[in-house]
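At position 261 of the sequence shown the residue is numbered 261 (full-length UniProt numbering), and the sequence of numbers has no breaks. Just so you know, even glycine gets a beta-carbon here, dropped at the ideal spot from N, CA and C. Since we're looking at a predicted model, the values are computed, not measured. Here the structure comes first, spelled out in C-alpha cells, and everything after it is commentary.
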Amino acid sequence: MEGKTVGGRYLLTKLLGSGSFGQIYIAKDPRGGDGEVAVKLEIKETKHPQLVYEAKLLKLLQGAPGIAEVYYYGIEAEHTVMVMELMGPSLEDVFNLCRRRLSLKSTLMLADQMLLRIEYFHSRHYIHRDIKPDNFLIGRSQKSNIVYIIDFGLAKKFRSPSTLVHGPYRENKNLTGTARYASLNAHLGLEQSRRDDLEAIGYVLVYFLKGSLPWQGIKAEGKQDKYSAIMEKKLNTPFTELCQGMPDEFATFLSYTRNLRFDEDPDYRYMRWLFQNLFHQQRLKNDGCFDWNVVKGRPQWQVNELKAERLQAAAMRNVAGSMTDYSQPSNRAATDVVLSIPSEPG
Numbered sequence: 001m002e003g004k005t006v007g008g009r010y011l012l013t014k015l016l017g018s019g020s021f022g023q024i025y026i027a028k029d030p031r032g033g034d035g036e037v038a039v040k041l042e043i044k045e046t047k048h049p050q051l052v053y054e055a056k057l058l059k060l061l062q063g064a065p066g067i068a069e070v071y072y073y074g075i076e077a078e079h080t081v082m083v084m085e086l087m088g089p090s091l092e093d094v095f096n097l098c099r100r101r102l103s104l105k106s107t108l109m110l111a112d113q114m115l116l117r118i119e120y121f122h123s124r125h126y127i128h129r130d131i132k133p134d135n136f137l138i139g140r141s142q143k144s145n146i147v148y149i150i151d152f153g154l155a156k157k158f159r160s161p162s163t164l165v166h167g168p169y170r171e172n173k174n175l176t177g178t179a180r181y182a183s184l185n186a187h188l189g190l191e192q193s194r195r196d197d198l199e200a201i202g203y204v205l206v207y208f209l210k211g212s213l214p215w216q217g218i219k220a221e222g223k224q225d226k227y228s229a230i231m232e233k234k235l236n237t238p239f240t241e242l243c244q245g246m247p248d249e250f251a252t253f254l255s256y257t258r259n260l261r262f263d264e265d266p267d268y269r270y271m272r273w274l275f276q277n278l279f280h281q282q283r284l285k286n287d288g289c290f291d292w293n294v295v296k297g298r299p300q301w302q303v304n305e306l307k308a309e310r311l312q313a314a315a316m317r318n319v320a321g322s323m324t325d326y327s328q329p330s331n332r333a334a335t336d337v338v339l340s341i342p343s344e345p346g
C-alpha cells in the first residue's frame with residue numbers, strides 16, 4: 001500500500017510492520033502540516049479489534065504532554081485507519097543503549113515525568129495495568145526530553161467519570177500485566193487500582209538504577225510456577241533490601257504505594273516531592289539532558305552514527321509493537337506474558 005493516501009492527505013511511504021491485525025506505516029503529509037507520522041491500519045473485520053479501543057482512549061487523553069497526538073481516525077475501504085504522532089525509542093531501548101544502568105539524575109527526571117503521566121491517566125478514570133519500560137517512549141527531535149506513555153491494551157476504567165464512585169474490590173483475579181514489574185497485590189489476585197500502577201513505577205525505577213531486579217532469571221517448570229516464584233521473591237524481599245545502596249527515598253516511595261488502600265486517592269504531589277527534594281539535595285541540574293543524549297556535557301541527540309541507527313531501529317519497533325495482535329499467542333519471555341485483555345474500555 002506504499003504510495004497510497006489515507007485521511008485525504010497522508011502518503012504512506014514505508015511499511016514498519018504487519019500481521020493478522022493489519023499494517024503500520026510511516027507516512028508524510030505532502031502539505032507539510034504534521035511532518036512524518038505513524039499510520040495504523042487495522043483490518044475492519046478482524047476478530048479482536050483493538051484500534052477502536054486505542055483511539056477512544058487517546059481521544060479521552062488528548063491535549064496533555066506525553067500523550068501521542070492523533071491527527072485522523074476513520075474507516076476507509078476494508079481498514080480502520082488511525083494517523084498519529086511518530087515517537088522515538090522506549091525507555092527499555094535507551095536503557096540498553098546506556099549499558100543497562102541509568103544515573104541517579106536520569107532516573108529522577110524519568111520518575112517525575114512517569115508520575116505526571118500516570119497521574120494524568122488516573123485523572124481520566126483509567127488505570128494502565130502494564131507499567132514497564134517498554135511502555136514509555138521518548139519523543140523525537142525537539143521532543144527528545146519528553147516521556148510518552150503508550151500501549152493501553154490492558155487499561156481499565158476504575159471509577160465512574162460522572163459520580164467518581166470507585167469500582168468494586170475483588171479477589172481471585174488472574175495476573176494482568178508484566179510479572180517482572182507487577183505489584184504484589186496483582187500477584188495475589190487482587191483487583192488492581194491506582195496503587196498498583198504506582199508500585200510498578202517503583203520497580204521500574206529500581207531496575208533503572210540497579211540494572212536488574214532480584215526476581216529476574218528465576219527458573220521454574222512452567223509459567224504459573226514462575227509467577228508464583230516471582231511473587232514469593234517480592235513478598236520476601238523488604239524494600240530496604242531491594243533498594244540497598246540507593247537513596248532512602250526509593251524505599252519510602254515503594255512503602256507508600258504498597259500501603260495505599262484499594263480505593264485511596266494517592267498523593268501524587270507527595271510522591272513527586274520525594275524525588276524532587278532528593279534531586280535538589282544532590283545538587284543535580286534539571287536541564288532535561290538524559291544519559292542517552294549527553295556527550296561531554298553537551299546535549300546531542302545523534303551521539304554517533306551507530307547510536308542514531310540503533311535508536312531509529314528501536315523507534316520503528318516500538319511503533320509496530322504498540323499495536324499488539326492480542327488474538328495471537330504471545331512470544332514474550334515467561335516473565336513478560338500478558339495474561340488478560342479487556343475487550344473494551346471500562
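Query: A200 versus Q23: straight-line alpha-carbon distance, rounded; Result: 31 Å
Query: Per-residue burial, N304 [other beta carbons within 10 Å of its own, 16 or more giving buried]; Result: Annotation note: pLDDT 44 at N304 (below 50); position unreliable, coordinate value reported separately. It is exposed - the Cβ of N304 has fewer than 16 other Cβ atoms within 10 Å.
Query: Exposed unless 16 or more other CB atoms sit within 10 angstroms - verdict on K132; Result: buried
Query: Whole alpha helix (DSSP H) elements within the region 65-147, 4-residue minimum; Result: 91-97, 104-123
Query: Host alpha helix (DSSP H) of residue 358 (start-end); Result: As shown, the chain starts at 1 and ends at 346. That puts residue 358 outside it, with no answer to give.
Query: Given T240 as reference, the closest of R99, A251, P247 once Cα atoms are compared; Result: A251
Query: Exposure of K226, with buried meaning 16 or more beta-carbon neighbours within 10 Å; Result: buried
Query: From E119, L61, K157, residue whose alpha carbon lies closest to that of H125; Result: K157
Query: Continuous alpha helix (DSSP H) stretch holding Q276: start and end; Result: 268-281
Query: Identity of the residues DSSP links to V37 by a beta bridge; Result: A27, E85
Query: Which of helix, strand or coil DSSP assigns to G346; Result: Because the pLDDT at G346 is just 41, under 50, the model does not fix this residue reliably, and the value given afterwards should be weighed accordingly. Looking at G346 - three-state DSSP - the assignment turns out to be coil, as it is neither helix nor strand.
Query: Short Cβ contact (7 Å threshold) for T257 with R195; Result: yes
Query: At least three beta-carbon pairs within less than 8 Å, the region 90-101 to the region 164-183; Result: no
Query: Proximity to F253 [Cα-Cα], best of H128, L278, M82; Result: L278
Query: Check whether L58 and V39 have beta carbons under 7 Å apart; Result: no
Query: Where V165 sits in the DSSP three-state scheme; Result: coil
Query: D93 burial status per 10 Å Cβ neighbour count (16 or more: buried); Result: buried
Query: Rounded separation between L104 and L242 - CA only; Result: 16 Å
Query: I149, buried or exposed, once every other Cβ within 10 Å from all chains shown has been counted against 16; Result: buried
Query: Anticipated Cβ contact below 8 Å, Y53 with D29, distance rounded; Result: Actually they are not in contact, since the Cβ atoms of Y53 and D29 sit about 26 Å apart, beyond 8 Å.
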